[in-house]
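Protein chains in written order, with my numbering: chain A, 1 to 301; chain B, 1001 to 1301; chain C, 2001 to 2406; chain D, 3001 to 3406.
Glycine residues also receive a C-beta, built at the ideal position from the N, C-alpha and C atoms.
In this text the structure is predicted, and so the values were computed from the model without any measurement.
Encoded as structure tokens, the structure appears first; notes follow it.
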């Protein structure tokens, strides 16, 4: 697993409202939060975390940093992420919602050129239950265990985690890849990471309408993933062309109405079913389907 | 030598005035000019050279290309060079004068990222006498031999080449790195190439006022070049702050009048002399100084 | 946010994309002061596409016909939308019609140039002619030339059409557009190009920094074309009885899906927003919850209100407290019949929909404070149905709605 | 091309860099219609720096003093340059003065941000305080923040000064500037920033595409501040007698150097341009040669004219032909005393400077055509000294000039 309690973590925007709430929570959960950055607040101290004006200054003072969690306002995200990349940080988690798509295009080009992993934007981040919090997942909903969760949303993911926990199915990781239209890491990327992760035995994929991430995931699972995957798709009854919250969760009126009907819940569920991936009708079915998949694994072994 | 008659060469802007004049001359001199590009003139034929609308099309039709020589108008140079780099061409020679500096900044960043050699802009290009012409050097002034010429200017370089030829000193190569303020390949880069080139026994470096290329060259020669170097600097009596022709050949009124007095002929000549490099008083002294250096080499051997 | 055709064309003009001479018509009598020569096209300015096929574009030769045509277009709804303004435009004779667009592709996360030599109304019949070029790195004009070559253009048309695409890309990149489209791009017999119709969509998240569009936001039809506006309930099924107050897009959609799957009819829903918004905080979430309760309670059709919150920002009891506060405020109105003027009597009558509440807050199940018990007791006393699981919440909500539907 | 202070500040205003309220004063009586309140600063608008130390800036408290000050500034040359316009500006009380600039560094071929907390008139005394940040990749605001940190700023000043630097960079990049400088940037006691003086230089090669500056080019003092203008002879030594007509910057500078080294005094020179200019051709070079000969011959002080051309574009004989044509045209003037009006008699009198010509054309020494011999014979007959080597050309030119000087 590329993320572990050994990761040395930075919080950019530690003096922003959300950063100020979650930095101490992350630290209390065991995350090695070595520094915070908020321009204009340098030389201060926040719950024992040293705060700097620049990422470079933070690294000069506290040493190398593996991961940054970004809480700055949407139009400052690109700059914060580029600053982190320029300072040699290769894992960037963007919590902030609503980053303009063309900012993300520029950021992701730079991330590709520097082999940087970008998670988000509009992401609850990553939680490794009992070990590490890189974002805003409510820690009490999660318990350690064998189920990896990959999702595009926040509160629904918390709900699923809680239902899994209540069913006695702990989680190896919870990853939110982000709800904006243009995001960094993809479902296939995380499926591959969890396929290789020795602590993950089954994967729960929580999708929603908009884009073709779930279709891409379905193809990738069919071709490259051996571990059992259970899926859920939100938005069967969402009004077409309206934004419900996530910039990404919208069924675009297709340009020219060309091309196949992607982006709808039906299209995604069909793609998953074609790839023989069980799709839960409701969140409460997820633990049942996961248990079934794990039992099957035990039988096979 | 990175350039040889085996280089497969493209001319971009083959239907521009200078390109149209020099493409046939380059070809007649032995250059393997495999294609020309001029948008809007595709599917035509120019002195037997096939012309295409796009670099990609040229490569599709004639196969891989090593080097491109660019003759397009100044504001089209950046795009032409980026098109060539995107098509996988790694040697770009820009003849055109007057490319805006910020275009060059962008081009050189991309060249660095793709390990592309950019010569120019505002460059007569490269000649390997008797073998290869990549640019606009008048071929009749040059004869094959052991002297490598590196310069920042055009007609003065032709003059020096002719004087060397008349003195029986042929040339291994003639390179004009370009007269604009922001240029690609540098004096040190070419000094290193000629240091390693087995056909070059002595190097003539023709500099001029403006910038600090000659100062950098002097330091580089002192540290890394064993072959004899003879230098000449133009512009001792040039009016300060006036542009004589080259955008690069201007002694800037220093920002804030800070820093040492670089850019003047005196500064450059001093730097060269400190590095024990003979500096010719006039072009006609160059052959004499080269002969002396070569005789010394023979004695040492 | 979508722009109307005339707004898109004004934008085209700023970067030098040629457009026909035109004038805005705000009412039929404006036709009399036209300065462009006949024949002209009169075009309904609506946000919906395909108006040509529905009679939203008329060609006229003189003032009398033009006034009549304007009147009829003003009164012609396009998919339910009436135009507030028409565009009167010089009629152009063209030989060919091309299609050009710049869009952002979500999957490859790069802008894409689109082009076809079969543009105009029939572009969909010639989908096989549509060419595309991905803008992998920083844009440079060769991307546009690549598109023109793929489209099959040659000679002077290569540079002419490339130059239009360059300008479209410049708008796309500097104005944070989701889409810029010219269809058709007319090509006259002497090789001149002109943008005969255009479509521009500005990215909602970037709108606040695109100050040039600030004036247009007020012009548009509210949230219909500016879906970013949050804080307003969205109507789903006008015949429904269920209101849904939820937080987070995925959870809101899931809740709607479950209600629908159980046979319930959601009339309206409100998403309080995700926990990744810059500036969000515990107190802001409480404020939004209080406001959201008021907003949904004011929708008369909402007979059953499902409040479904899952959050790491607030503990259960603080959310329940806000709901209790809402009920208390509502219960105190009206304070006495004497205080109410006759015309406000009806609206101010106490009306609280039947509430079903599921709250999953920070450290849910871990901290059962005394306060939580007290608040829950209050909610129970106020006939609020407090449930533990999502399935129960859905079942109770639908069951309550059935009571009302009877 | 340099901008005047008021032009630079107008540019600052377009991107939101704060500047003091100000008005342009074209003549002293404009002071009467000032709308900004006293006290004001009156500032000479000249291209040369350091005007403050030379009396080019005056502070005044009332109209009478202002008119007197304006009159004296209009009549005060700064290093020989008289202002055509003054800037009247509200006087600002500031606590600190910073220096900020964006320049392009030729050696590292990247833009560089410069900043110092010791700005104002004494910036040179505090060179050690000057900080710089290289913009390695595409600009992003963190480069500006890095500069402010290096300058030693903290707290709110970090974002405030960064934001000014961002705006300066935006101008630098979008307007093709060689330099944008604010000195001083005033910081008031309540932390407000204001650009009290500014300097902007537009890159000459980019001027044609920066259409926003098109109007300013006419405003400026001709080639003094727009060194790109070619085709005009440049004056060197007003006491000299030698004119130099050459092609290419390096060759021209070399020729000047050799003439000077031999004791000659070049009064004026003209560079016909390099062979790498887009659009240059054999026929264009011939045209420029013919024009250049006329231009230098018209300079009365040019007694000896050295024509020194080395080119791959033309053979020797074609260049000689152009020179012969020039002599022929000149010899035919005046055609008869009756054709000359009295007032033009003097200027039209035949006057050809003594010419020394060295031509090294395409395939020099290889093709001795019959034409070449004929042309050379003609030149010799016309007393033109035709030489083979550069050293001879210099020697002959200086020798001929000595004759005149006697």
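Residue i: first and last residue of the uninterrupted alpha helix (DSSP H) it sits in
i	result
residue 2407 of chain C	Look at the range of chain C in this structure, 2001 to 2406, and you will see that residue 2407 of chain C is not part of it.
residue 2313 of chain C	Residue 2313 of chain C -> no alpha helix (DSSP H), and no H or E assigned at all.
residue 3099 of chain D	It is not in any alpha helix (DSSP H) - residue 3099 of chain D instead sits in the beta strand (DSSP E) that spans 3096-3105.
residue 1026 of chain B	1017-1028
residue 2059 of chain C	Run containing residue 2059 of chain C: none in the alpha helix (DSSP H); it sits in the beta strand (DSSP E), 2057-2060.
Boundaries (first-last residue) of the beta strand (DSSP E) holding residue i
i	result
residue 2025 of chain C	2022-2025
residue 1008 of chain B	1008-1012
residue 36 of chain A	32-37
residue 1215 of chain B	Per DSSP, residue 1215 of chain B belongs to no beta strand (DSSP E); it is in the alpha helix (DSSP H), 1213-1224.
residue 2089 of chain C	2086-2090
residue 1045 of chain B	1044-1046
Proximity of residue i and residue j at Cβ, strictly below 9 Å
i	j	result
residue 1147 of chain B	residue 1201 of chain B	yes
residue 1952 of chain C	residue 2098 of chain C	Only positions 2001 to 2406 of chain C appear in this structure, which leaves residue 1952 of chain C out of reach.
residue 2267 of chain C	residue 2292 of chain C	no
residue 2378 of chain C	residue 2324 of chain C	yes
residue 3102 of chain D	residue 3010 of chain D	no
residue 2295 of chain C	residue 2231 of chain C	yes
residue 141 of chain A	residue 2280 of chain C	no
residue 1078 of chain B	residue 2162 of chain C	no
residue 1183 of chain B	residue 1100 of chain B	no
residue 3046 of chain D	residue 3055 of chain D	no
residue 389 of chain A	residue 41 of chain A	Outside the shown range of chain A, which is 1 to 301, sits residue 389 of chain A, and nothing can be said about it.
residue 1162 of chain B	residue 3310 of chain D	yes
Any chain G beta carbon closer than 9 Å to residue i
i	result
residue 102 of chain A	In the structure shown, chain G cannot be found, because the protein chains are A, B, C and D.
Q) Do the region 2389-2404 of chain C and the region 3057-3070 of chain D meet, that is, are 3 or more Cβ pairs less than 8 Å apart? A) no
Q.
With three or more beta-carbon pairs closer than 8 Å as the criterion, would you say the region 282-292 of chain A touches the region 1059-1075 of chain B?
A. no
Q: Count the C-beta pairs between the region 268-282 of chain A and the region 207-221 of chain A that are closer than 8 Å, then say yes if the count reaches three, no if not.
A: yes
Q: Note down, in chain order, all residues in the region 2232-2246 of chain C with a beta-carbon under 7 Å from any beta-carbon belonging to chain A.
A: 2234 and 2236
Q: Ignoring anything shorter than 4 residues or poking outside the region 2177-2256 of chain C, list the alpha helix (DSSP H) runs there in chain order.
A: 2214-2219
**Q.** Members of the region 144-178 of chain A near chain C, C-beta cut-off 9 Å
**A.** 151, 152, 153, 154, 155, 156, 157, 158, 159, 162, 163, 166, 176 and 178
Q. Is there contact here, the region 3301-3319 of chain D with the region 1176-1191 of chain B, by at least three beta-carbon pairs under 8 Å?
A. no
Q | Length-filtered (4 minimum) alpha helix (DSSP H) runs lying within the region 136-208 of chain A | A | 155-166 and 187-196
Q. What are the residues of the region 2274-2288 of chain C that lie near chain A, defined by any Cβ-Cβ distance shorter than 9 Å?
A. 2274, 2275, 2276, 2277, 2278, 2279, 2280, 2281, 2282 and 2284
Q: Determine, using beta-carbon pairs with one atom in the region 17-34 of chain A and one in the region 131-139 of chain A, whether at least three such pairs fall under 8 Å.
A: yes
Q) Between the region 2293-2306 of chain C and chain A, which residues of the former have CB atoms less than 7 Å from a CB of the latter, in chain order? A) none
Q: Check whether the region 3275-3288 of chain D touches the region 3305-3314 of chain D, taking contact to mean three or more Cβ pairs, one atom from each stretch, closer than 8 Å.
A: yes
Q: Please list the segments of the beta strand (DSSP E) lying wholly inside the region 3096-3157 of chain D, counting only runs of 3 or more residues, in order along the chain.
A: 3096-3105, 3110-3116 and 3131-3134
Q) Do the region 2126-2139 of chain C and the region 2204-2215 of chain C make contact, defined as three or more Cβ pairs closer than 8 Å? A) no
Q: Say whether the region 2185-2197 of chain C touches the region 2252-2271 of chain C, bearing in mind that this needs 3 or more beta-carbon pairs closer than 8 Å, one atom from each stretch.
A: no
Q.
By the 7 Å beta-carbon criterion, what residues does the region 3149-3169 of chain D contribute toward chain A?
A. 3149, 3154, 3155, 3156, 3158 and 3159
Q) Which runs of the beta strand (DSSP E) spanning at least 3 residues fall entirely within the region 2262-2331 of chain C, listed in chain order? A) 2266-2271 and 2304-2310
Q.
Counting only Cβ-Cβ distances shorter than 9 Å, please list the residues of the region 2097-2114 of chain C near chain B, keeping chain order.
A. none
Q: Counting only runs of 4+ residues fully inside the region 47-113 of chain A, write out the alpha helix (DSSP H) ranges in chain order.
A: 55-62, 77-86 and 101-113
(Q) For the region 2069-2086 of chain C against the region 2038-2045 of chain C, do three or more pairs of beta-carbon atoms, one drawn from each stretch, fall closer than 8 Å, so that the two count as touching? (A) yes
(Q) Under 8 Å: do the region 71-90 of chain A and the region 2078-2094 of chain C share three or more Cβ pairs, one atom per stretch? (A) no
Q: Select from the region 71-97 of chain A all residues with a C-beta closer than 8 Å to any C-beta belonging to chain C, and list them in chain order.
A: 71, 72, 73, 74, 75, 95, 96 and 97
Q. Is there contact between the region 92-112 of chain A and the region 2105-2118 of chain C, where contact requires at least three CB pairs shorter than 8 Å?
A. yes
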